[in-house]
Structure formats: C-alpha cells, structure tokens
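S.K.:
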Amino acid sequence: MLRITLPDGSSREVPEGSTLQDVAAEIGSRLAKQAVAGKINGRPADLAALVADGDRVEILTLTSDAGLEVYRHTAAHLMAHAVKDLFGDAIQVTIGPSIENGFYYDFYSPHHAFSPEDFERIEGRMQELVDADLPIVRDEVRRDQAVELFRSLGEEYKVQLIEELTEPVVSLYRQGDFVDLCRGPHLPRTGLIKAFKLTSVAGAYWRGDEKNAMLQRIYATAFPDNKQLRTHLARIEEARKRDHRRIGRELDLFSFNEEAGAGLVIWHPRGALLRTLLEDFERREHLRRGYDLVLGPQILKTELWQTSGHYDNYRENMYFTEVDGQSYGIKPMNCLSHMLIYKSHMRSYRDLPLRYFELGTVHRHEKSGVLHGLLRVRGFTQDDAHILCTPEQLDGEIKGVLAFVQDIMGIFGFEYEVEISTRPEKSIGTNQDWELATNALMGALKDSGLEFVINDGDGAFYGPKIDIKLKDALDRKWQCATIQCDFTLPERFDLNYIGADGEKHRPVMLHRVILGAIERFIGVLIEHFAGNFPLWISPVQAIIVNVTDNQAGYAEQVFHYLRDAGVRVEKDLRNEKLGFKIREAQMAKIPYMLVVGDNEMQSGTVAPRYRNGKNLDPMSAADFVQHVQDECSRYH
RNA sequence: GCCCACAUAGCUCAGUCGGUAGAGCGCAUCCUUGGUAAGGAUGAGGUCACCGGUUCAAAUCCGGUUGUGGGCUCCA
4 MLRITLPDGS SREVPEGSTL QDVAAEIGSR LAKQAVAGKI NGRPADLAAL
54 VADGDRVEIL TLTSDAGLEV YRHTAAHLMA HAVKDLFGDA IQVTIGPSIE
104 NGFYYDFYSP HHAFSPEDFE RIEGRMQELV DADLPIVRDE VRRDQAVELF
154 RSLGEEYKVQ LIEELTEPVV SLYRQGDFVD LCRGPHLPRT GLIKAFKLTS
204 VAGAYWRGDE KNAMLQRIYA TAFPDNKQLR THLARIEEAR KRDHRRIGRE
254 LDLFSFNEEA GAGLVIWHPR GALLRTLLED FERREHLRRG YDLVLGPQIL
304 KTELWQTSGH YDNYRENMYF TEVDGQSYGI KPMNCLSHML IYKSHMRSYR
354 DLPLRYFELG TVHRHEKSGV LHGLLRVRGF TQDDAHILCT PEQLDGEIKG
404 VLAFVQDIMG IFGFEYEVEI STRPEKSIGT NQDWELATNA LMGALKDSGL
454 EFVINDGDGA FYGPKIDIKL KDALDRKWQC ATIQCDFTLP ERFDLNYIGA
504 DGEKHRPVML HRVILGAIER FIGVLIEHFA GNFPLWISPV QAIIVNVTDN
554 QAGYAEQVFH YLRDAGVRVE KDLRNEKLGF KIREAQMAKI PYMLVVGDNE
604 MQSGTVAPRY RNGKNLDPMS AADFVQHVQD ECSRYH
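In this note's numbering, the protein residues as written are 4 to 639.
#1: Per DSSP, which one or two residues make a beta bridge with E454?
#2: Just tell me which of F226, W209, E213 and E325 has its CA closest to the CA of Q219.
#3: Quick check on K87: buried or exposed, where buried means 16 or more other Cβ atoms within 10 Å of its Cβ?
#4: Can you grab the Cα-Cα spacing for the pair G363 / D386, in whole Å?
#5: Spatial neighbours of L355 within its chain, please: CB distance less than 8 Å, with the 5 preceding and 5 following residues excluded, ordered by chain position.
#6: List, from N- to C-terminal side, the beta strand (DSSP E) runs of 3 residues or more that fit wholly inside the region 299-351.
#7: Have a look at the DSSP bridge pairing and note the partners of I651.
#8: Count the other CB atoms, across all protein chains shown, that sit within 10 Å of the CB of G569; report buried if there are 16 or more and exposed otherwise.
#9: With distances taken Cα to Cα, identify the nearest neighbour of A93 among A79, I102 and S112.
#10: Taking L201 and A149 to be in contact with their CB atoms under 8 Å, please state how far apart those CB atoms are, rounded to whole angstroms.
#11: Just tell me which of E167, R381 and H375 has its CA closest to the CA of P335.
#12: Spatial neighbours of N337 within its chain, please: CB distance less than 7 Å, with the 5 preceding and 5 following residues excluded, ordered by chain position.
#13: Could you give the first and the last residue of the continuous beta strand (DSSP E) run that contains E573?
#14: What residue range is occupied by the uninterrupted beta strand (DSSP E) comprising H514?
#15: At the level of alpha carbons, what is the spacing between G582 and V73?
#16: Count the CB pairs spanning the region 340-349 and the region 322-330 that are closer than 8 Å, and state whether there are at least three.
#17: Mind listing, in chain order, the continuous alpha helix (DSSP H) runs of no fewer than 4 residues lying wholly within the region 20-81?
#18: Please classify Y613 as buried or exposed, where buried requires at least 16 other C-beta atoms within 10 Å of its C-beta.
#19: Let's see if you can read the secondary structure: which residues bound the beta strand (DSSP E) around H375?
#20: Would you tell me roughly how many angstroms separate the C-alpha atoms of V598 and I547, rounded to the nearest one?
#21: Within this structure, are the beta carbons of I196 and A78 separated by less than 8 Å?
#22: I think Q487 touches H514, with their Cβ atoms under 8 Å apart; what is that distance to the nearest whole Å?
#23: What does the Cβ neighbour count give for Q605, buried or exposed, with the cut at 16 atoms within 10 Å?
#24: Closer than 8 Å is the cut-off here; do at least three beta carbon pairs connect the region 432-446 with the region 543-559?
#25: Taking the beta strand (DSSP E) that I139 falls in, what are its first and last residues?
#26: Rank R6, P47 and V60 by C-alpha distance to the C-alpha of A27 and give the top, closest one.
#27: Which same chain residues end up closer than 8 Å to E19 when comparing Cβ atoms and leaving out the 5 residues on each side of it in sequence?
#28: Do L518 and L453 have their beta-carbon atoms positioned less than 8 Å apart in this structure?
#29: Please state the DSSP three-state secondary structure of H642.
#30: Among residues of its own chain, excluding the 5 on either side of R358, which ones have a beta-carbon nearer than 7 Å to its beta-carbon?
#31: Determine whether the beta carbon atoms of V173 and I165 lie at a separation below 8 Å.
#32: Since T666 sits in a beta bridge, which residues does DSSP pair it with?
#33: Within a Cβ cutoff of 8 Å, which residues of the same chain sit near L152, ignoring the five residues on either side of it in sequence?
#34: Can you tell me whether DSSP reads L9 as helix, strand or coil?
#35: Helix, strand or coil for V628, going by three-state DSSP, please let me know.
#36: How is the beta strand (DSSP E) around I390 delimited, first residue to last?
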C-alpha cells in the first residue's frame, strides 16, 4: 500500500499502482466523475499518472480555475486536431494555451486565411472528435525522437520549440492520429469536452515578435456545459452594449472623422461639457493638494527635444513642423516646459517639493493598427504633473500621489490593479538611483496597504514606475494612473537646488498622471457607468418636458430659473406626447426628467422623474436646485 | 506597422448571377393637445468611402488609398 496526503492534510492508503483517477474514486464516486486532472506534489498531472508513496495529491475539477484551464487546454488540442484534419499539410500547428475565459491556437497557414465561415466546419469536426470519444494518451520520448517525429510530420514550429527545450525527455499527447508536443496535463478523453465555440480569428506574430512570421490565431471558448457557455456569450453581448464607442454616438458625446484624421477626437457639446466638468474637478483637486497650475506651448523647438532625449528615443512617435527654417516638435509629453519653469529661478531646498500640474494636450503618432475609440488615440490630454523634490522627500511624495489616486478612484468607484515595474536591461542611471527609487515606490505601496504585482524588468529606461490599470466592460485592462521616477531629465536639463549645506544638489523627479489621458478615462468611465453618469458629472442633469403646449411658457420660466441656478438643464417643448418625450430622455440617460403639466403650473412646481423610472414628489424649482446640489455633494 | 475582415441615407442594415438603389428609425411639414419608455399622415435625403482598372454595363469583379473593426506588436 502507498500512503498519500490530501490537500486538507488528511492521509490515505491506496494500493500500489494507483493512478490519480483511482485516488479520486477512492475518495468518492462524485469526485471521480468530476475529476479532470490533478496535482502530485504541487505539479499538475494527468488522471492516468501513477502516485507514489508519500506524495501530496490533489484532484482538480471544473469548479477550480486550474481544472478549467486543463479543460480549455484540451479543447485547444481538440481544435488543432480538427483544423489539422480539415486543412492537413497546408497548415502547421504552433501553440495553443488556455486564456482567461477561453483559449486560442496559433496556426501557420500561408495559403488559407481562416474566416468565420470556416468556424462551423471546424466546430463540426470538433464535435465529431468529441463523439468519437478518443482516448488522450501521454507519451514521453527523447528529445531527438520528438524532433524526428515532428520533422517527419512537417511541423517545423514544433521542431523549433523542442530544440529550444533543455529537458532530455519531452511529453507528447496523442488523440487518434493527432499528436502534439505538450507539457499537459489533459483530460483523459475527448468525449469529456461538452460546450465550445470559436469566437474570432486574428493575426499574431510567432512568439509575439513583429520580426517573425504572422500566424493565424483562432480564439475560442469552452465551458463545462452549454448553459455556462450561453451565459458567457450573453455577458459578452451585454458588454458590447456598453461599448463606449456605441454609447458615445448614442449620447452624442463625440465622434471621429475620416477627413479630420484617425485617432483625433471631435468633442460634441455634451461630450465637451463632460470633459470640462472632469477637468474643473481635477484643477480643484490638484490645488487642494498643493500643486501649481502651469501651462506650456503646444510646439517647442526641435533642439529642445534633442536636449531632452525625446528626439533620439521618441522621434518616430512625434509630429514635426517647420516655419521660417526653424523646426519645431509638437509636444508628445508635457515635461519640457515644466523643466523650463523649474530652471527659470535659482531653487533652494526650501522651495521643494514643487508640483507642476498641467492638463496638457499632447500628440503622438501611434501606429495605425492600435487606435481604438477613445481608449487609444493620437491627440489627448493628460492630467500630468511633475514633482521635483529632494531624495528625502521622495517617499512622502509617492505616498501623496497614491493617496490621491485612491481618493479619485474611490469617487468613481473603479476597480483597478496595481503593478510595479523594475529596472529593465536597457536603462540608464546608477544602481544607487534605481535602488532608492524602486524602494521608495515599493515601500509607499506597502505602507498604503495596496496589493500589487511586480513586473520585473518592465520599467521605463529612465526609471521604475507604478501603473494603475482600470478594467473596461470587456474586462480589458487600461492603464490610467502611473507614477514614474525619472533620472534623466533633471540630469539633461541640469536641474539643481541649493541645499542646507550651501552646495548644489540634483532634485529627484516624479512624473505622474491620475486619470491618465482624459480621453481614455472618459472611455472607461462611459463603459463603467454604461452612460448613466452620476449627477455631478452628467453633462445634462435634467430636462424639462411639458405635457401640452399649454405649459410652454411656464416650462421656459422654470428652465431659465434652473439654468441661472447652475443646473445643467435642457428643455423638450416639442409637440409630442409625454410618453414619447420621456422615452427619448430616458434613452439619452438624462438623470432627471422634470414633468410640467397643468397641475405643476398651478402649484408652481415640477414633477421630477429619475432615470430609473422612480418619481419624486412634486417640488418647487428652488427645492429641486437644492436637491441637485445635495445629490452632487454626496458623490464627492 | 503587421494579419484578417468590413465601408450602401444622419443611425441600424437589406440589395440574388455585374444591368443604374431599398427598409426601419431619425429628420421636415401637416393633423393630433395627449400625465410618465414610441399617436397618425405626407415628404425630403444616397457621386453606394475615395482613386484607378476590367467590362457594352460596376454598389457588385480586380488593384491602390483613406477610415473602421478583431487581434499581434507598442502604449496614457
């Protein structure tokens, strides 16, 4: 007998030669049925794997992420099998991992571009392979044998993968006549895959390197049953409805125009108002926290961009213009004028920290393929600040920014993830600088009690950084706030201050944004609220709707009263039925509809209806102003 | 930038085999004065993204450009 340990700490005896499947059966018939794979001493393994005396054993089911991952990875093999059956030697298989909510498989297919029309055939073949219930068998062979095998199959990408492995023995998984190099584990039979769907096809570079061949990636998803699959697809459909590009058009917030140029936002009245409200909010919040408002020009001489290093490192992304033989660079970042402001005086340590804040509009020539609604544009406005301080002040300044970020995200109710990126291979600055800055960033995060992940070697070449990523409706993460230490600019611009010792010292610089780019932030904001903005930031807070023409004069009076009182109000006095006007206002997601009929006119009131359909008791216009003010102040 | 797809009225879309353009919504006018998510009638709107090619004939086929979408790479 063998003695094994289970995750709950209990131990169990099983006969010699037992597999994970046997162990599962030993524990319970239901577990045996639900098992998809397992772990032996923490390492993932097939159900067919043998257990040994003293092993720590865990059974994975579809209720765990790890189990679902195995399930989807097996589904990826199933899809590759089907594609190989249908397209044969014309294609080569490469890799196919499971991902969040699904999986993909990359194929090298130089002669056939997969299209959604192929999906049905591929799904059909997958179903046949499921129905055939093929056993999935693990096979371990020497590396050279594996190379030989895949070479004979014409699978050059697999050959390349194996040749780069260091292990003397590699594992293969076979199902029917399909064989794939794979670490595993996998489900024991193809018949266990229940619900899957191919979702999209896209190009992807081999190994994610743009110098390599372009492969074709088929995205798909798989769930334990059809109900869960349908739920997932419905959720994606729901998310599409809150796509900021769609809502932006429906609410008439902004547009793009082919004649104006790609990635250049055109703000319509309501969108421009929303943006202005955000910007006003930002100015207030920055002034409260000891920032100075500054403004720099849109274009600066090219020589200055050479001094800063942007010309050497960022030229590809910049727009240039030349007048009277003088070349200017249109600013892609706001730091330059901030450096010049610092340099405009002799600085004492008593002046520090200096916090220069600018809602700075920048232009960057982003690659055409990356543009995406408001979330990735070529012209945008950052809520940018550069903090110049002494090394001793660095820690406190970083904490101040983190607290700022938390305040603001709390006001909007955003979910976010925090990442810290450390020194990359190609970088400048001394080890001492990097250590100081990295420790300061990490220490501040720890002290702030924020959870974070470390991206080793992912920092900017000029310094480490903290990134805060918001999630959009489709669960994609978008970087908004970022805090970056910068060693180059104080150096390049020879910034200094006179310390208490009477000597010149180099200040430390922090570059930071809170919302990031206003455009991107609004994009995420739209999706977050599905266009139902909180009252304090709604471009239109209320709309007056009259029941008949009879109240038009009274409605006008109320309208002017509210507008004078600072309420962002519109009026709909058209000759339409009340229900029709309510419906339109509702679809425009306007928070309050103020109904005025004969009753209200006689009593000098309005009858507010909230966009969730609830009615408030009729109140005077003055009371409504108070009501709006109260609601706005509750939100921030 | 790369791969694939797409571009028809303000919006959402139909348009068969290449034979000269259609719907709903919206808009305008008129009727209707109606109390909380669509009242009715009539009408106007399109160089089928742009440029070129094939053809007797192009929204339709081919090439290019621009823009858009899904990804990859890159990034706020």
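Where a beta carbon is used, it is the ideal one built from N, C-alpha and C, also for glycine.
M.R.: Short version:
#1: Note: E454 sits in no beta bridge, so no partner.
#2: Check the Cα spacing between Q219 and each of F226, W209, E213 and E325: the tightest is with W209.
#3: Taking all protein chains in view, the Cβ of K87 is crowded by 16 or more other Cβ atoms within 10 Å, so the residue is classified as buried.
#4: If you take the alpha carbons of G363 and D386, they lie about 7 Å apart.
#5: Its chain contains L391, C392, T393, Q396, Y500 and P510 as the residues whose beta carbon lies nearer than 8 Å to that of L355, once the 5 sequence neighbours on both sides are disregarded; these appear in chain order.
#6: Runs found: 302-304, 322-326 and 329-333.
#7: The shown model of the chain, from 4 to 639, leaves out residue 651, and the question about it has no answer.
#8: Under this definition G569 is an exposed residue.
#9: Among A79, I102 and S112, the Cα nearest to that of A93 is on S112.
#10: Contact flag wrong, Cβ pair sits at about 29 Å.
#11: Ranking E167, R381 and H375 by Cα distance to P335 puts R381 first.
#12: For N337, where only same-chain residues beyond five positions count, the Cβ hits under 7 Å are G299, E361, G363, V365, Q385 and D387.
#13: Its beta strand (DSSP E) spans residues V572 to D575.
#14: Counting along the chain, the beta strand (DSSP E) containing H514 begins and ends at V511 to A520.
#15: C-alpha of G582 to C-alpha of V73: approximately 53 Å in a straight line.
#16: Judged by Cβ distances under 8 Å, the region 340-349 makes no contact with the region 322-330, as fewer than three pairs qualify.
#17: 23-30 and 32-37, all fully within the region 20-81.
#18: Y613 should be labelled exposed.
#19: Careful: H375 lies outside any beta strand (DSSP E) and carries neither H nor E.
#20: The straight-line gap separating the alpha-carbon atoms of V598 and I547 is approximately 6 Å.
#21: Yes, the Cβ-Cβ distance between I196 and A78 is below 8 Å.
#22: Between Q487 and H514 a beta carbon distance of about 5 Å is seen, short of the 8 Å cut, so the two are scored as contacting.
#23: Exposed: under 16 other Cβ atoms inside 10 Å.
#24: In this structure the region 432-446 does not lie against the region 543-559, because fewer than three pairs of beta carbons, one per stretch, are closer than 8 Å.
#25: Secondary structure note for I139: its beta strand (DSSP E) is the uninterrupted segment I139 to R145.
#26: Cα-wise, what sits closest to A27 is V60.
#27: Correct list, in chain order: M4 and L5.
#28: Taking 8 Å as the Cβ cut-off, L453 and L518 do not qualify as a contacting pair.
#29: Look at the range of the chain in this structure, 4 to 639, and you will see that residue 642 is not part of it.
#30: Correct list, in chain order: G293, Y294, D295, A388 and I390.
#31: In this structure, the beta-carbon distance from V173 to I165 falls below 8 Å.
#32: Outside the modelled stretch of the chain, which goes from 4 to 639, sits residue 666, for which no answer is possible.
#33: Excluding residues within five positions, the ones whose Cβ falls inside 8 Å are V144, L175 and V182.
#34: Coil.
#35: It is helical.
#36: In the DSSP assignment, I390 falls within the unbroken beta strand (DSSP E) covering G382 to C392.
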